[in-house]
Amino acid sequence: MSASVIFRKLFRVSSLKKTYDKNVQNSLAVGLDKTTRTVFEKNINNELEIINRKVNNGSYTFTPYKQKLISKGAESFPRTISIPTYRDRVTLRSICDLLFHVFTDSLTINIPQIKIAAIKANIIKPEFDTFIKIDITNFYPSIKHSKLQEILKKKIRKKEIINLILKSIRNSTVSKAIHGERKVNSVGIPQGLANSNVLGEIYLSTIDKKYSNKSSVFYTRYVDDFLL
718 MSASVIFRKL FRVSSLKKTY DKNVQNSLAV GLDKTTRTVF EKNINNELEI
768 INRKVNNGSY TFTPYKQKLI SKGAESFPRT ISIPTYRDRV TLRSICDLLF
818 HVFTDSLTIN IPQIKIAAIK ANIIKPEFDT FIKIDITNFY PSIKHSKLQE
868 ILKKKIRKKE IINLILKSIR NSTVSKAIHG ERKVNSVGIP QGLANSNVLG
918 EIYLSTIDKK YSNKSSVFYT RYVDDFLL
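The numbers in this note's numbering rise by one with no breaks, and the one at position 11 of the sequence shown is 728.
Here it is as structure tokens:
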């Protein structure tokens, strides 16, 4: 099934309602517009129709994400988490589902228990006497949009879909409401969004493809940690 067909299905009003009920409804974090779940649900039909209309005509705009800082200890800068509005949360989750459908063959299974079991099974093999461990420093903040766009275009031809995905990651994250011109990011994926992890997986899928099929090495990856 093509990305365009999946896109049309996922962004129907009925599908958006299912996405809200299944993936967004229980999220209580409030975005920059200060709209609570109760307020959003009172006007949900209109909100979903706005998403449907604007996504399909290419005019959808994300509200700046609200900044939340998570401490990483006294020696490190805090991690920035981006909190979207309820409307944007539904849109982002639908983008996430689209990406999973389109790139399912490229994505690795990132369940820790499976990774650990595979490592245990291979670490005792006599043919392996050396390992390389790699960790990407500041992985999500360093992702290049231009490179990600190249990878996305290999399976998504519809320009409107690519533009919507790029809008979601170019959107600014701020501590309070801003007026006037917004900052547009060209590097990095905001953490905390529904589509952040899958975009990170897609970005690294070319490395997985290169090393997973080599018979001379055992290769595994969990997010931005690699082991060969």
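Virtual Cβ for every residue (Gly too), placed ideally from N, Cα, C. Keep in mind the model is a prediction, meaning the values are calculated, not measured.
Secondary structure note for Tyr857: it is in no beta strand (DSSP E), and the uninterrupted alpha helix (DSSP H) holding it is Phe856 to Ser859. Straight across, the Cα-Cα distance linking Phe757 with Ile800 is about 16 angstroms.
When secondary structure is reduced to three states using DSSP, Tyr782 falls in the strand class.
Ser793 counts as exposed, since fewer than 16 other C-beta atoms from the protein chains shown sit within 10 angstroms of its C-beta.
Around the beta carbon of Gly748, a 10 Å sphere encloses 16 or more other beta carbons of the protein chains shown; the residue is thus reported as buried. Cα atoms of Ala791 and Phe724: separation of roughly 44 angstroms, rounded to the nearest angstrom. Taking C-alpha positions only, Ser889 is separated from Asp822 by approximately 31 angstroms.
Val904 is bridged by DSSP to Lys861. Per DSSP, Ile836 has no beta-bridge partner at all. Of the residues Ser913, Gly909 and Ser885, the one whose Cα lies closest to the Cα of Lys900 is Ser885. Judged by DSSP in its simplified three-state form, Asp852 adopts strand. Between Phe856 and Tyr920, the alpha-carbon positions lie close to 10 angstroms from each other.
For Thr923, the closest of Arg729, Leu824, Thr797 and Lys734 by C-alpha to C-alpha distance is Leu824. Ser788 has its alpha-carbon roughly 40 angstroms from the corresponding atom of Lys726.
When rounded, the separation of the alpha-carbon atoms in Leu865 and Ala720 is 17 angstroms. The beta strand (DSSP E) runs of length 3 or more contained entirely in the stretch 735 to 823 are, from start to end of the chain, 782 to 787 and 796 to 800. Excluding the 5 residues flanking it on each side, Asn880 has same chain C-beta neighbours closer than 8 angstroms at Gly775, in chain order. In the three-state DSSP reduction, Phe724 falls in the helix class (H, G or I).
Assignment of Thr847 by DSSP, reduced to helix, strand and coil, places it in the coil class. Taking every protein chain shown into account, the CB of Glu766 has fewer than 16 other CB atoms within 10 angstroms, so this residue is exposed. Rounded to the nearest whole angstrom, the C-alpha separation of Arg729 and Arg810 is 13 angstroms. Around the beta carbon of Asp738, a 10 Å sphere encloses fewer than 16 other beta carbons of the protein chains shown; the residue is thus reported as exposed. For the 9 angstroms CB-CB criterion, Leu816 and Asn912 form a contact.
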